[in-house]
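Novice: Using the working numbering, the first residue of the sequence shown is number 245, and each one after it goes up by one.
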Amino acid sequence: MKYSYWVGLIVLPLLIQCNNKSTVENYQFEPLDSLTFNTTLINLGEKLFFDSRLSLNNTISCATCHHPKLAFTDGKKTSVGIHQRSGKRNSPTLWNVKNQDKFMWDGGVKTLEMQAIVPLQDTNEMGGLITDLFPKLSNVPLYDSLAKVLYDRNFDPFVLTRALSAFQRSIYQENSEFDDWQRDGILKDSAITKGYKIFNEDLNCTQCHGGNNFTDNSLQNNGLYTYYEDQGSYNITGDSSDIGKFKVPSLRNISITGPYMHDGSFKSLSDVIQQYSKGGKSHSNKSDQIKSFSLTAQENEDLLYFLNSLTDKRFLN
245 MKYSYWVGLI VLPLLIQCNN KSTVENYQFE PLDSLTFNTT LINLGEKLFF DSRLSLNNTI
305 SCATCHHPKL AFTDGKKTSV GIHQRSGKRN SPTLWNVKNQ DKFMWDGGVK TLEMQAIVPL
365 QDTNEMGGLI TDLFPKLSNV PLYDSLAKVL YDRNFDPFVL TRALSAFQRS IYQENSEFDD
425 WQRDGILKDS AITKGYKIFN EDLNCTQCHG GNNFTDNSLQ NNGLYTYYED QGSYNITGDS
485 SDIGKFKVPS LRNISITGPY MHDGSFKSLS DVIQQYSKGG KSHSNKSDQI KSFSLTAQEN
545 EDLLYFLNSL TDKRFLN
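Structural data, given as structure tokens:
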């Protein structure tokens, strides 16, 4: 599958001079508004995103767990970091991440700039201290020269976090079959119409998965477990009412971002629907929105069709 990556009219000649060959695929994103769109900063962030030198042993890049072909996920139950260490949670998509107001499954990080530091310093992910990275990264001529162009300073954690966050904000698009249906009224009597009615009206899924990005960005206990080994937002707040609460994920590109849930415990969307149809498991913090339901075989098929229609068409080629 080929994409064409374009974030501006100018491609920096410096990118060609970089000795560390990029593993980036070609893909295309919507340009951001003029207040946040900076081609130079995004290009630097892209190079950093695919650079395994950001990890302790030079084996793991951001793209290892957030691959473009999988809508910036990795297809694994939980992420795998340096020395083949298993992470604790499923790698979430970065698609349309600029619309979010909190990050990580537990919602404990409030900005993309802060979030960039977390995997760098996680012993199960990239494995180092951010300050330890700079003896080797500051010796990369491209990074240092762009830091001076952008901020009139040497390449440092400030520049790294701003560049990575700018690149992630450029990963933004609404080009799915559902978007065509919504914009142009294509096949209004199609399975999308039927599935969306089930999703929105019959099951009221939009209470949590509403809006253009199909998430309200809230933290919810969805009744996945009676006992939570990973206690979610409670790990951040220490409030017992937050046990088992995790961020509601976007459903954009949901057909290719499995396995599902914060721990990757469900392999398919059919498994997820079945779990919710049972009303989830008993827990004092379980959301009131989680209620049992019953669908006919045709209704289940229509709901799945709608969910699959949220996938960007470029991933279907």
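Beta carbons are placed, not taken as given, at the ideal position from N, Cα and C, and that holds for glycine.
Is DSSP giving N544 helix, strand or coil here?
Specialist: The residue labelled residue 544 in the question sits at position 300 within the sequence shown. Helix, per DSSP.
Novice: Which runs of the alpha helix (DSSP H) spanning at least 4 residues fall entirely within the segment 288-316, listed in chain order?
Specialist: The segment 288-316 contains these whole alpha helix (DSSP H) runs: 306-309.
Novice: With a threshold of 7 Å on Cβ separation, who are the neighbours of S536 within its own chain once the five nearest residues in sequence on each side are excluded?
Specialist: Taking the sequence shown and counting its residues from 1, one reaches residue 536 at position 292. The answer, listed in chain order, is S521, K522 and G523.
Novice: In angstroms, rounded to a whole number, what distance separates the CA positions of G482 and L404?
Specialist: Counted from its first residue, the sequence shown places residue 482 at position 238. Counted from its first residue, the sequence shown places residue 404 at position 160. Their backbone Cα atoms lie some 31 Å apart in a straight line.
Novice: Straight-line CA distance for S484 to H527?
Specialist: Within the sequence shown, numbered from 1, the residue matching residue 484 stands at position 240. Within the sequence shown, numbered from 1, the residue matching residue 527 stands at position 283. S484 and H527: Cα-Cα distance of roughly 12 Å.
Novice: Which residue's Cα is closest to the Cα of L381: Y469, D295, S323 and N457?
Specialist: Residue numbering aside, residue 381 sits at position 137 when the sequence shown is read from its first letter. Checking every option, the nearest Cα to that of L381 belongs to D295.
Novice: CB I286 to CB F411, shorter than 7 Å?
Specialist: Walking along the sequence shown from the start, residue 286 turns up at place 42. Walking along the sequence shown from the start, residue 411 turns up at place 167. Yes, they are a contact pair.
Novice: Tell me the DSSP bridge mates of Y504?
Specialist: By one-based count along the sequence shown, residue 504 stands at place 260. Partner(s): F510.
Novice: Kindly indicate the opening and closing residues of the alpha helix (DSSP H) around I361.
Specialist: Along the sequence shown, read from residue 1 onward, the residue named residue 361 stands at position 117. Where I361 is concerned, the enclosing alpha helix (DSSP H) stretches over I361 to Q365.
Novice: Compare the C-alpha of T308 against each of Y416, Q519, L364 and G352 and name the closest.
Specialist: Taking the first residue of the sequence shown as 1, we reach residue 308 at position 64. Among Y416, Q519, L364 and G352, the Cα nearest to that of T308 is on L364.
Novice: Along the chain, where does the alpha helix (DSSP H) that runs through Q426 open and close?
Specialist: Taking the first residue of the sequence shown as position 1, residue 426 is located at position 182. Note, Q426: alpha helix (DSSP H), E421 to D428.
Novice: Does S484 come out as helix, strand or coil in the three-state DSSP assignment?
Specialist: Here residue 484 is taken as the residue at index 240 of the sequence shown, counted from 1. In this structure, S484 counts as helix in the three-state DSSP scheme.
Novice: In three-state terms, what does DSSP make of G372?
Specialist: Translated into the one-based positions of the sequence shown, residue 372 becomes position 128. Correct three-state label for G372: coil.
Novice: Taking only three categories from DSSP, how would you classify D556?
Specialist: The count along the sequence shown starts at 1 and reaches residue 556 at position 312. Three-state DSSP puts D556 in a strand.
Novice: Rounded to whole angstroms, what's the CA-CA distance from G454 to D460? Just pull it up for me.
Specialist: Your numbering for residue 454 matches position 210 in the sequence shown. Your numbering for residue 460 matches position 216 in the sequence shown. Each residue's Cα considered, the two are about 6 Å apart.
Novice: Can you look up K491 in the DSSP assignment and give me helix, strand or coil?
Specialist: Here residue 491 corresponds to residue number 247 of the sequence shown, with the count starting at 1. Three-state result, K491: strand.
Novice: With distances taken from CA atoms, which of C306, S462 and N301 is nearest F293?
Specialist: Taking the first residue of the sequence shown as position 1, residue 293 is located at position 49. It is C306 whose Cα lies nearest to the Cα of F293.
Novice: Is the Cβ-Cβ distance between S420 and G371 less than 7 Å?
Specialist: Counting from 1 along the sequence shown, the entry for residue 420 is found at position 176. Counting from 1 along the sequence shown, the entry for residue 371 is found at position 127. Not in contact: S420 and G371 (Cβ atoms no closer than 7 Å).
Novice: By the three-class DSSP mapping on this structure, what secondary structure does S330 have?
Specialist: Counted from its first residue, the sequence shown places residue 330 at position 86. If DSSP states are grouped into helix, strand and coil, S330 belongs with the strands.
Novice: Closest to F443 by CA distance: which of V324, E545 and A315 is it?
Specialist: For the purposes of this step, residue 443 is taken as residue 199 along the sequence shown, with counting starting at 1. With distances taken between Cα atoms, F443 lies closest to E545.
Novice: Rank S414, Y416, I415 and T437 by C-alpha distance to the C-alpha of D424 and give the top, closest one.
Specialist: For the purposes of this step, residue 424 is taken as the residue at position 180 of the sequence shown. Nearest C-alpha to D424: T437.
Novice: Smallest Cα separation from G502: which of F281, K321 and H311?
Specialist: The count along the sequence shown starts at 1 and reaches residue 502 at position 258. Among F281, K321 and H311, the Cα nearest to that of G502 belongs to K321.
Novice: Under a three-way DSSP split, which group does N479 fall into?
Specialist: Looking up residue 479 in the sequence shown gives position 235. If DSSP states are grouped into helix, strand and coil, N479 belongs with the helices.
Novice: With DSSP collapsed to three states, give me the class of N456.
Specialist: For the purposes of this step, residue 456 is taken as the residue at position 212 of the sequence shown. Note: N456 maps to coil in three-state DSSP.
Novice: According to DSSP, what are the bridge partners of Q518?
Specialist: As a position in the sequence shown, residue 518 is number 274, starting the count at 1. None, per the DSSP bridge assignment.
Novice: Just the Cα atoms here: how many angstroms apart are S335 and T283?
Specialist: The sequence position of residue 335 within the sequence shown is 91, counting from 1. The sequence position of residue 283 within the sequence shown is 39, counting from 1. So the two alpha carbons sit approximately 27 Å from each other.
Novice: Below 8 Å on the Cβ atoms is my contact criterion, and I expect F490 with L463 to pass it. Report the Cβ-Cβ distance as a whole number of Å.
Specialist: Within the sequence shown, the letter at position 246 stands for residue 490. Within the sequence shown, the letter at position 219 stands for residue 463. That belief holds up - the Cβ atoms of F490 and L463 are roughly 6 Å apart, short of 8 Å.
Novice: Tell me, to the nearest whole angstrom, how far the beta carbon of F189 is from that of S494; I am working on the premise that it is less than 8 Å.
Specialist: Any answer about residue 189 is impossible in this case: the structure gives the chain only from 245 up to 561.
Novice: Which residue or residues does DSSP assign as beta-bridge partners of F347?
Specialist: What you label residue 347 is simply residue 103 of the sequence shown in a count that begins at 1. V353.
Novice: Can you say whether N302 is buried or exposed, counting buried as having 16 or more other CB atoms within 10 angstroms of its CB?
Specialist: As a working note, residue 302 is residue 58 in the sequence shown. With fewer than 16 other Cβ atoms within 10 Å, it is exposed.
Novice: Within 6 Å: the Cβ of L298 and any heavy atom of the ligand COA?
Specialist: Here there are no bound small molecules, and the ligand COA is not part of this structure.
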